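Enquirer: Going by the working numbering, the residue at position 205 of the sequence shown is 209; the numbering climbs one at a time, nothing skipped.
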Amino acid sequence: MTDDPSQRRLLLITGLAIGVGLAAGGTAAFLIAMINLITHLAFDGAVSLAPANPEVFVGGIRILLVPVAGALFIGILARWGSEAIRGHGIPEVIDRILHADSRIPAKLTVLKPLSAAIAIGTGGPFGAEGPIIATGGAIGSLLGQVMHVTADERKVLLAAGAAAGMAATFGTPVAAVLLAVELLLFEYRARSIMPVALAACAATAVRLVLLGTAPVFPMPNVTEPTGAALVCYALLGGVVGFIAVGISRALYRVEDLYERLPIHWMWWPLIGATVVGLLGLLEPRILGIGIYNILDALAGRLAIGTLLVLITLKFIAWVGYLGSGTSGGTLAPLFTFGSGLGAIAGALLAAHFPGLGISPPVAALVGMAAMFAGASRALLTSVVFAFETTRQPLGLLPLLAGCTSAALISRIFNRHTIMTEKLARRGVVVPDEYATDYLSLVHVEQAMSSPVVTVDGERLAGELLATLDSVDGSHHQGFPVVDATGELLGLLTRRDLVGVTPNATLRSLVRRAPVTALPSQSLRDAADIMVREGIGRLAIVDPAATDRVIGIVTRSDLLQAHAPRIQAAEQRETTMPLDHLTRSIFGR
């Protein structure tokens with residue numbers, strides 16, 4: 005057993021994360037059961053926990069009234085329960101991480117899944133994953149608040165709960181960890197990823213016990229793609245990515261339209277639910293999560309015309325209802341749109357160009373994952389998610405090509421994603437690129453000022469002030485103070501000399517023991533020391549004689565250390581031929 009406190013702390017957080025994963029796994033199974041129960045009660049009057057297929061619902065006025073009744077209940081719950089239950093789920097979790105030290109109110113652990121179960125169970129065309137992810141994150145955050153851990157550790161517990169929620173919903177532990185890395189943690193550190201990974205494993209174990217071991221999206225076996233087919237899958241991903249950009253923009257434009265209504269927001273879901281009910285009368289399969297629609301698209305069981313009508317009506321219902329601010333997820337509808345579009349494209353290509361070797365089920369799979377990649381830009385999550393939900397290893401290469409194309413198109417044509425647009429409108433900066441801290445790559449000895457001008461501790465303050473006022477000393481702001489043997493006593497700055505007695509010795513003016521660093525340490529270490537100690541300059545000492553100062557690092561040195569990085573970036577931007585090419589293509 006290690007004696008390192010940080011390692012013991014890691015073990016503690018990992019243990020807590022596993023507990024969060026188990027709780028989130030149970031919560032996810034409970035929420036799915038609630039959705040099934042409410043769906044059966046609302047549409048066919050039966051008491052059942054079996055998955056509900058809206059295609060078999062009895063038509064008539066009930067299909068119109070049930071979504072409206074659910075929307076009314078959600079509006080009341082949001083108005084007098086918590087307004088925070090409104091929204092997609094994942095954007096709200098990101099916001100709490102960035103601006104609330106990963107603190108989520110405890111009541112959301114109850115109200116969020118309750119509102120989602122009612123919204124989806126009464127026909128809302130949403131996914132359960134967003135609310136489950138938000139609920140799992142709330143469980144981790146609540147535990148972090150009760151245990152009084154640090155904000156960084158609370159973030160890890162929140163991400164662990166969110167990842168566990170996704171893993172329990174879809175049986176995708178690896179994709180869940182990648183989702184946490186790409187959208188929630190805003191870092192890539194082993195001490196953050198390990199608790200999240202074990203939480204996802206724990207939640208998946210709960211799912212295996214309660215819901216079985218079958219893949220969420222079983223599909224026909226995938227064969228090795230031809231080179232021509234791989235090119236087509238990549239192009240398909242690009243087209244789907246472009247459509248994903250349009251879907252994201254459409255959702256937020258609908259939200260803007262609701263904002264202009266002269267009625268209170270608690271009534272907005274009634275409008276969206278009415279749209280859902282009317283369209284449900286035409287096509288009941290648009291109601292609810294729509295897992296059967298995805299399965300049919302992946303298996304190639306639906307005709308092109310049927311698919312086109314289904315995804316069109318589902319999109320109108322989804323964007324109209326979710327834009328009203330109700331509680332529901334985005335992933336399952338995106339999978340429906342993407343798999344439908346991919347299946348249509350695959351069927352057309354296979355029929356007209358059989359020599360390409362296009363498989364409609366594989367095209368549907370690529371479309372499903374590419375829609376997620378284009379909307380969220382969580383590239384690796386999208387690829388691994390599609391693999392884990394289908395367990396088709398030969399689909400990985402088409403998935404990688406299609407999802408990368410979709411994410412590339414999304415990055416070119418959309419500044420923000422469906423997960424971050426709402427936050428960006430509030431002025432929130434959401435990091436989407438993670439790189440090694442540049443200061444951690446630079447050693448102190450590369451940036452320190454050396455040799456150092458030191459002053460004798462027995463020297464009088466008045467003499468030093470006279471030197472500072474001269475031309476030769478005007479550029480000095482701080483000095484190491486040493487004794488007759490050269491031993492470092494401390495540092496003095498111009499501010500320390502203001503108002504002191506001229507006859508005072510410099511030794512007597514030193515108020516604190518010297519704060520030092522070694523030349524082999526990184527500038528990140530030096531910066532952390534300076535922040536922690538509240539100082540603007542740091543004495544660098546000889547490793548062989550730590551009382552001998554050999555250099556000084558100041559705040560200006562830390563800033564100046566970034567000069568090579570900035571110069572390299574400027575050199576990349578001066579590649580004029582490539583710049584002219586991109587401007588001619590994209591008009592930028």
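Backbone N, C-alpha and C define an ideal beta-carbon position, used for all residues, glycine too. Owing to the predicted nature of the structure, the values given are computational and were not obtained by experimental measurement.
For residue 194, count the other beta carbons within 10 Å of its own beta carbon; 16 or more makes it buried, fewer makes it exposed. Which is it?
Expert: Counting Cβ neighbours within 10 Å, residue 194 comes out exposed, since fewer than 16 surround it.
Enquirer: Taking only three categories from DSSP, how would you classify residue 483?
Expert: Strand.
Enquirer: Do the region 235-247 and the region 78-93 meet, that is, are 3 or more Cβ pairs less than 8 angstroms apart?
Expert: Flag = no, the region 235-247 and the region 78-93 do not touch.
Enquirer: Are residue 492 and residue 543 touching if we call contact CB-CB under 8 angstroms?
Expert: Result yes, Cβ atoms of residue 492 and residue 543 sit closer than 8 angstroms.
Enquirer: Give me the Cα-Cα distance between residue 507 and residue 469, rounded to the nearest whole angstrom.
Expert: Rounded to the nearest angstrom, the two C-alpha atoms are 11 angstroms apart.
Enquirer: Hey, how far is the Cα of residue 108 from the Cα of residue 142?
Expert: Those two C-alpha atoms are separated by around 6 angstroms.
Enquirer: Leaving out five residues on either side along the sequence, give the residues of the same chain with a beta carbon under 6 angstroms from the beta carbon of residue 478.
Expert: Note that residue 478 scores 49 on pLDDT, short of 50, meaning its location in the model is unreliable; the coordinates nonetheless yield the value given after this. Result list for residue 478: empty, nothing under 6 angstroms.
Enquirer: Measuring CB to CB, does residue 369 end up less than 8 angstroms from residue 302?
Expert: Cβ atoms of residue 369 and residue 302: closer than 8 angstroms.
Enquirer: On the CB-based measure, 16 or more other CB atoms within 10 Å of its CB, does residue 325 come out buried or exposed?
Expert: That one is buried.
Enquirer: Between 164, 125, 568 and 551, which has its C-alpha nearest residue 205's C-alpha?
Expert: For the residues 164, 125, 568 and 551, the minimum Cα distance to residue 205 belongs to 164.
Enquirer: Taking the CB atoms as reference points, tell me whether residue 18 and residue 177 lie closer together than 8 angstroms.
Expert: Contact: no.
Enquirer: With residue 3 and residue 509 assumed to form a contact (beta carbons below 8 angstroms), what rounded beta-carbon distance in angstroms separates them?
Expert: Not covered by the structure: residue 3. The range shown for the chain is 5 to 592.
Enquirer: Quick check on the DSSP output: the alpha helix (DSSP H) that includes residue 536 runs from which residue to which?
Expert: Looking at the DSSP string, the run of the alpha helix (DSSP H) that includes residue 536 is 527-537.
Enquirer: Any idea which residues DSSP pairs residue 553 with across the strands?
Expert: 545, per the DSSP bridge assignment.
Enquirer: With three or more C-beta pairs closer than 8 angstroms as the rule, is the region 250-268 touching the region 345-354?
Expert: Too few Cβ pairs lie closer than 8 angstroms, so no.
Enquirer: Could you work out which residue in 523, 555 and 147 is closest to residue 484 when comparing CA atoms only?
Expert: Of the candidates 523, 555 and 147, the one whose C-alpha sits nearest the C-alpha of residue 484 is 555.
Enquirer: From which residue to which residue does the alpha helix (DSSP H) around residue 74 run?
Expert: Per DSSP, residue 74 belongs to the alpha helix (DSSP H) from 65-84.
Enquirer: Exposed or buried, what is residue 231 when buried is set at 16 or more other beta-carbons lying within 10 Å of its beta-carbon?
Expert: Residue 231 comes out exposed.
Enquirer: Nearest CA to the CA of residue 57: which residue from 417, 290, 520 and 416?
Expert: Nearest of 417, 290, 520 and 416 to residue 57, Cα basis: 290.
Enquirer: Does DSSP put residue 333 in a helix, in a strand, or in coil?
Expert: Three-state DSSP puts residue 333 in a strand.
Enquirer: Would residue 553 and residue 537 be called neighbours here (beta carbons separated by less than 8 angstroms)?
Expert: In this structure, residue 537 does not lie closer than 8 angstroms to residue 553 by Cβ.
Enquirer: So, helix, strand or coil for residue 420, using DSSP?
Expert: Three-state result, residue 420: coil.
Enquirer: List the residues that DSSP assigns as beta-bridge partners of residue 464.
Expert: The partner list for residue 464 (beta bridge, DSSP) reads 509.
Enquirer: With DSSP collapsed to three states, give me the class of residue 443.
Expert: In the structure shown, residue 443 sits in a helix (DSSP, three-state: H, G or I).
Enquirer: DSSP three-state label for residue 520, please.
Expert: Three-state DSSP puts residue 520 in a strand.
Enquirer: How far does the beta strand (DSSP E) with residue 497 in it reach, from first residue to last?
Expert: Start and end: 492-497.
Enquirer: Per DSSP, which residues does residue 471 bridge with? Please list them.
Expert: Residue 471 is not bridged to any residue.
Enquirer: Span of the alpha helix (DSSP H) holding residue 57?
Expert: Unbroken run through residue 57: none, as it is neither H nor E.
Enquirer: Whose CA, out of 377, 89, 186 and 424, lies closest to the CA of residue 138?
Expert: It is 89 whose Cα lies nearest to the Cα of residue 138.
Enquirer: Please classify residue 459: does DSSP put it in a helix, a strand, or coil?
Expert: Strand, per DSSP.
Enquirer: Rank 317, 560, 522 and 526 by C-alpha distance to the C-alpha of residue 551 and give the top, closest one.
Expert: It is 522.
Enquirer: Less than 8 angstroms between the beta carbons of residue 396 and residue 223, yes or no?
Expert: Yes. Within cutoff.
Enquirer: Per DSSP, residue 145 forms a beta bridge with which residues?
Expert: DSSP lists no partner for residue 145.
Enquirer: Is residue 365 buried or exposed, if buried means 16 or more other CB atoms sit within 10 Å of its CB?
Expert: Burial call: buried.
Enquirer: Taking residue 280 and residue 29 to be in contact with their CB atoms under 8 angstroms, please state how far apart those CB atoms are, rounded to whole angstroms.
Expert: Going by Cβ atoms, the distance from residue 280 to residue 29 rounds to 30 angstroms, so no, they are not a contact pair.
Enquirer: Count Cβ pairs between the region 437-445 and the region 397-415 that sit closer than 8 angstroms; are there 3 or more?
Expert: Because the criterion of three Cβ pairs below 8 angstroms is not met, the region 437-445 and the region 397-415 do not touch.
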